[in-house]
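Taking it in order: structure first as structure tokens, then the write-up.
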Amino acid sequence: MQKYQSILSKKKTFVVMKKNIIVPRTAHYYIQIPELKVQRVLYVIHGYAQKASDFLKEFGYLKKSNCLVIAPEALSKFYNKKGEAVANWMTVHQRLDEINDYVGYLNQVQDEILQEYGKLTTAALGFSQGTSTLMRWCMKSKLPMTHLYLCSGSIPPEMSKENVKHFNGQLHFYYGNKDKLFPLEKVKLQLKKLASIELNFIEKPFEGRHEISEFCKKDIIATTQVDQ
């Protein structure tokens, strides 16, 4: 609880207090069920100002595979310049509360999938703002992931060797050489950070802009049974 005090006069003051409560709310996630027997699951975390239902379409190439694709939608909504309702994972305002909220939400999604499908080989992809969202989820929930695909986005500044020491999978870091939203100057800082944490990561630059690269799609297919 925070307390603010303002002086109206030498004799009178008033106090404004900020309190927090946790409320239940409805969240939405989308599932792409493959044609083959489900043996794997890929969680895909969208970027800023996107909708999970649209983002899921990026993974249509996995429809004829053994991989379930789960696209959670961020809890905060707003209207973009076109007047469309889109989603955002967090802002700097009350950031720790928002991080705890979405980590708890993603954990609940994972629990539901586990109950319905049982234990599956698990991987996850984060795009743009979804990259830091994914890594915070990984940091806080100790997820057993075989692969993490980080696409055109930054890792959290608070990420350290200590809080990701449980991760023993393969991390893939993709960035485009023409990405104005994630320029090479920022990329270099992220690579330096990843190296200092001593994560097992592969740097994967590509010719392109702010997008999920074809290299990433090929890497996902390589670890998945796809019916041609």
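All you need for this note's numbering is the position in the sequence shown, starting with 1, plus 145.
Don't be surprised by glycine CBs; every beta carbon is placed ideally from N, CA and C.
Nothing here was measured: the structure is a model prediction, and the numbers come from that model.
By the Cβ neighbour-count rule, K325 is exposed, with fewer than 16 other Cβ atoms within 10 Å of its own. Nearest in C-alpha terms to D246, of all of Q255, D256, W234, is W234. DSSP places Y188 inside the beta strand (DSSP E), whose first and last residues are 185–190. For the segment 224–281, the full-length beta strand (DSSP E) segments reaching 3 residues or more read 230–233, 266–272 along the chain. Assigned with DSSP and collapsed to three states, G321 falls in strand. Separation of the CB atoms of A219 and A230 is rounded to 12 angstroms, and the pair is thereby denied contact status at 8 angstroms. Counting of Cβ neighbours within 10 angstroms places P328 among the exposed residues, the total staying below 16. For K331, the enclosing alpha helix (DSSP H) has its first and last residue at 329–342.
Annotated three-state conformation of M290 is coil, per DSSP.
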